[in-house]
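Chemist: Protein chains in written order, with full-length UniProt numbering: chain A, 1 to 285; chain U, 1 to 225.
No residue lacks a Cβ here, since even glycine has one placed at the ideal position from N, Cα and C.
Remember, it's a predicted structure, so these values are computed and weren't measured experimentally.
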């Protein structure tokens, strides 16, 4: 019973220690595992220069937060292509290692640690300064001079190639955009022209309406003239009849009457008229 | 610790009696660039530049024997041998091409496959190639013997050339550096300077040897068809 408890507690301790150790190891060896983007040091292997914040290992996966039913088979790429290489000191020590120490030891901490560690290795003869060390020294000098003198030139020419590649893709994209813009413009022009057709049709409608109006008015005028002509005919007919009556009947009657009026008759008529007037005058009074 | 001069070629990195030093052979694989993004980075462009140059060189050599992809084996051979040679110059990295086992394992299968293909498929062509054009009739038997011998020793020359160059270079470097342990400070500066020269030479030799072995393999391949 006690043996079981002891083994269980030791297991717990071992698990705790292992989690701590694995965290520490992951922190140290993260640059070696993640994808690398090299822009600075040409002859050093890429896995040394990784940029942890651009890499998705520390970020939660898509499916974890979506829940049980929401897992998709398509992984989202939520990191971007790194334009620059990862920040590092002395060309091969990543910046993150210095940050790891910073909260406890400040700025000089990592350097002191490095110095002391190297001192320990050399003084205890764990690292023996033998022939490999001297050839390594000469190699470090060569690499330093290459990285200072030739690497910027080579890097600039390679960057030009990268920029040319990017420019080619951008040009394709820009050309496609232009094609689309031209298409949009042409479509808009076509729409504008179509609207002009509407105005044309309106104008044609007005034209036709005007023509119809003109024809209507012409016909109305003709109608009026025809009716007036008929009425004129009747008027003329009556006038002609009157003229005829006047000429042939009334003039003859009047002539004959004038002929028939003697002097006696005229005297009598005048006397009668005077009598009537005196009578009328007496009534008026 | 150097027991003798040649102990750099026999490092004792054992793990359960398995020599782990040979893992440095595949170290060159880590230098192959990723094409993860659409836009290439500098490393990718440089790799492509070298590959294209090599491809054009080999294509010119192969002339009529070129098929799509014939140059791949030779380009990968070049990069493999180059990385092994070059990384071996760094301290504490084992140079696997300085061993005949490595070089012979590369050159022997190549040569053997070329020869088998040539002699079985194009026997007449191989016989014709024994004698160069314009030899006088009297010399012909001797020419055949000489050409046969030169043909047979080709894998040996390919392998031994590479191995010998690597061994010689590393030996010189080791010799020079091992004197540095018992030197005064000012002499060490001169030593470092001399070593820098030697290192530059060795880097050039590394590139040249890998190029030579690849070009010769290409030539042997083009001769067979």
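If you draw a straight line from the C-alpha of residue 196(A) to the C-alpha of residue 208(A), how long is it?
Modeler: As a position in the first chain, residue 196(A) is number 196, starting the count at 1. As a position in the first chain, residue 208(A) is number 208, starting the count at 1. A straight-line Cα-Cα distance of about 18 Å links residue 196(A) and residue 208(A).
Chemist: Got a sec, what are the start and stop residues for the alpha helix (DSSP H) residue 161(U) sits in?
Modeler: If you number the second chain from 1, residue 161(U) lands on position 161. Segment 154-178, the alpha helix (DSSP H) holding residue 161(U).
Chemist: How far does the alpha helix (DSSP H) with residue 184(A) in it reach, from first residue to last?
Modeler: Here residue 184(A) refers to the residue found at position 184 when the first chain is read from its first residue. Its alpha helix (DSSP H) spans residues 151-244.
Chemist: Consult DSSP for residue 89(A) and reduce its assignment to one of helix, strand or coil.
Modeler: For the purposes of this step, residue 89(A) is taken as the residue at position 89 of the first chain. It is a strand residue.
Chemist: Counting only Cβ pairs nearer than 7 Å, list the residues of chain U close to residue 135(A).
Modeler: By one-based count along the first chain, residue 135(A) stands at place 135. 91, 173, 177 and 195, listed in chain order.
Chemist: Can you tell me whether DSSP reads residue 66(A) as helix, strand or coil?
Modeler: Position 66 of the first chain, counting from 1, holds the residue named residue 66(A). With a pLDDT of 46 at residue 66(A), under the threshold of 50, the predicted position of this residue should be treated as unreliable, and no value is reported.
Chemist: Should residue 8(A) go down as buried or exposed, given a rule of 16 or more other Cβ atoms within 10 Å for buried?
Modeler: In the first chain, residue 8(A) corresponds to position 8, counting from 1. Under this definition residue 8(A) is an exposed residue.
Chemist: Kindly list, in the order they appear in chain A, the residues whose Cβ is closer than 8 Å to that of residue 191(U).
Modeler: The residue given as residue 191(U) occupies position 191 in the second chain. Those within 8 Å of residue 191(U) in chain A are 134.
Chemist: Give me the DSSP bridge partner(s) of residue 94(A).
Modeler: Along the first chain, one-based indexing puts residue 94(A) at 94. In the DSSP assignment, residue 94(A) is bridged to 88(A).
Chemist: Taking the straight line between their C-alpha atoms, what separation do you get for residue 275(A) and residue 285(A)?
Modeler: Counting from 1 along the first chain, the entry for residue 275(A) is found at position 275. Counting from 1 along the first chain, the entry for residue 285(A) is found at position 285. The straight-line gap from Cα to Cα measures roughly 16 Å.
Chemist: What is the DSSP secondary structure of residue 82(A), reduced to helix, strand or coil?
Modeler: If you number the first chain from 1, residue 82(A) lands on position 82. In the structure shown, residue 82(A) sits in coil (DSSP, three-state: anything other than H, G, I, E or B).
Chemist: Hey, residue 162(A) and residue 40(U) are a contact pair by Cβ (cut 8 Å); roughly how many whole angstroms apart?
Modeler: Taking the first chain and counting its residues from 1, one reaches residue 162(A) at position 162. Taking the second chain and counting its residues from 1, one reaches residue 40(U) at position 40. Confirmed, Cβ separation roughly 6 Å.
Chemist: Just tell me which of 161(U), 22(U), 186(U) and 174(U) has its CA closest to the CA of residue 4(U).
Modeler: In the second chain, the residue the question calls residue 4(U) occupies position 4. Per the C-alpha coordinates, the member of 161(U), 22(U), 186(U) and 174(U) positioned closest to residue 4(U) is 174(U).
Chemist: Whose Cβ in chain U lies nearer than 7 Å to the Cβ of residue 161(A)?
Modeler: The sequence position of residue 161(A) within the first chain is 161, counting from 1. Simply 45.
Chemist: Going along the chain, which residues of the stretch 160-189 of chain A sit with their C-beta nearer than 8 Å to a C-beta in chain U?
Modeler: Of all residues in the stretch 160-189 of chain A, 161, 162, 165, 166 and 169 have a Cβ within less than 8 Å of some Cβ in chain U.
Chemist: What residue range does the alpha helix (DSSP H) around residue 124(U) cover?
Modeler: Here residue 124(U) refers to the residue found at position 124 of the second chain. 123-129 is the extent of the alpha helix (DSSP H) around residue 124(U).
Chemist: Taking all protein chains shown into account, do 16 or more other C-beta atoms lie within 10 angstroms of the C-beta of residue 238(A), making it buried, or fewer, making it exposed?
Modeler: Taking the first residue of the first chain as 1, we reach residue 238(A) at position 238. Counting the other Cβ atoms within 10 Å of the Cβ of residue 238(A) gives fewer than 16, which makes it exposed.
Chemist: Note down, in chain order, every chain A residue with its Cβ under 9 Å from the Cβ of residue 134(U).
Modeler: Counted from its first residue, the second chain places residue 134(U) at position 134. None at all; the shortest Cβ gap to chain A is about 47 Å.
Chemist: So is residue 147(A) in contact with chain U if we call contact Cβ pairs under 8 Å?
Modeler: For the purposes of this step, residue 147(A) is taken as the residue at position 147 of the first chain. It does not; no Cβ of chain U falls within 8 Å.
Chemist: Taking the C-alpha atoms as reference points, what is the distance between residue 193(U) and residue 149(A)?
Modeler: Translated into positions along the second chain, residue 193(U) becomes position 193. Translated into positions along the first chain, residue 149(A) becomes position 149. Answer to the nearest angstrom: the Cα atoms are 18 Å apart.
Chemist: So the candidates are 93(U), 64(U) and 103(U); which of them puts its Cα closest to the Cα of residue 78(U)?
Modeler: Your numbering for residue 78(U) matches position 78 in the second chain. When only C-alpha atoms are compared, the closest one is 103(U).
Chemist: Taking the alpha carbon of residue 167(U) as the point to measure from, which residue in 81(U), 97(U) and 12(U) has its own alpha carbon closest?
Modeler: As a first step, residue 167(U) is located in the second chain; it is residue number 167 there, counting from the start. It is 97(U) whose Cα lies nearest to the Cα of residue 167(U).
Chemist: Just tell me which of 132(A), 138(A), 12(A) and 124(A) has its CA closest to the CA of residue 190(U).
Modeler: On the second chain, residue 190(U) is found 190 positions in, with the first residue counted as 1. Checked all of 132(A), 138(A), 12(A) and 124(A); the closest Cα to residue 190(U) is 138(A).
Chemist: In this structure, how does DSSP classify residue 225(U) when only helix, strand and coil are distinguished?
Modeler: Here residue 225(U) refers to the residue found at position 225 of the second chain. Three-state result, residue 225(U): coil.
Chemist: Does the contact criterion of 3 or more C-beta pairs under 8 Å hold for the stretch 83-102 of chain U versus the stretch 133-150 of chain U?
Modeler: no
Chemist: Would you call the stretch 11-28 of chain U in contact with the stretch 87-95 of chain U, where contact means no fewer than 3 C-beta pairs closer than 8 Å?
Modeler: yes
Chemist: If we ignore side chains and look at the alpha-carbon of each, how far apart do residue 42(A) and residue 92(A) end up?
Modeler: One-based indexing of the first chain puts residue 42(A) at position 42. One-based indexing of the first chain puts residue 92(A) at position 92. Low per-residue confidence applies at residue 42(A): pLDDT is 47, beneath 50, and the placement is therefore not dependable, though the value from the model is reported in the following sentence. Cα-Cα distance, rounded: 11 Å.
Chemist: Could you tell me how far apart the beta carbons of residue 75(U) and residue 54(U) are, in whole angstroms, since I believe they sit closer than 8 Å?
Modeler: The count along the second chain starts at 1 and reaches residue 75(U) at position 75. The count along the second chain starts at 1 and reaches residue 54(U) at position 54. Going by Cβ atoms, the distance from residue 75(U) to residue 54(U) rounds to 5 Å, so yes, they are a contact pair.
Chemist: So the candidates are 121(U), 130(U), 165(U) and 222(U); which of them puts its Cα closest to the Cα of residue 86(U)?
Modeler: Looking up residue 86(U) in the second chain gives position 86. With distances taken between Cα atoms, residue 86(U) lies closest to 165(U).
Chemist: What's the gap between the Cα of residue 278(A) and the Cα of residue 253(A)?
Modeler: As a working mapping, residue 278(A) is identified with position 278 in the first chain. As a working mapping, residue 253(A) is identified with position 253 in the first chain. Rounded to whole angstroms, residue 278(A) to residue 253(A) spans 32 Å at the Cα level.
Chemist: Per DSSP, what kind of secondary structure is residue 182(U) in: helix, strand or coil?
Modeler: Within the second chain, the letter at position 182 stands for residue 182(U). In this structure, DSSP gives residue 182(U) a helical state, which the three-state scheme calls helix.
Chemist: Does any residue of chain A have a CB that is nearer than 8 Å to the CB of residue 180(U)?
Modeler: In the second chain, the residue the question calls residue 180(U) occupies position 180. With 8 Å as the cut-off, residue 180(U) counts as an interface residue toward chain A.
Chemist: Tell me which residues of the stretch 13-32 of chain A have at least one Cβ-Cβ distance to chain U shorter than 9 Å, keeping chain order.
Modeler: Residues: none.
Chemist: Quick check: is the beta carbon of residue 139(A) nearer than 8 Å to any beta carbon in chain U?
Modeler: Here residue 139(A) is taken as the residue at index 139 of the first chain, counted from 1. At least one chain U Cβ lies under 8 Å of residue 139(A).
Chemist: Residue 216(A): buried (16+ other C-beta within 10 angstroms of its C-beta) or exposed?
Modeler: For the purposes of this step, residue 216(A) is taken as the residue at position 216 of the first chain. When all chains shown are included, residue 216(A) counts as exposed.
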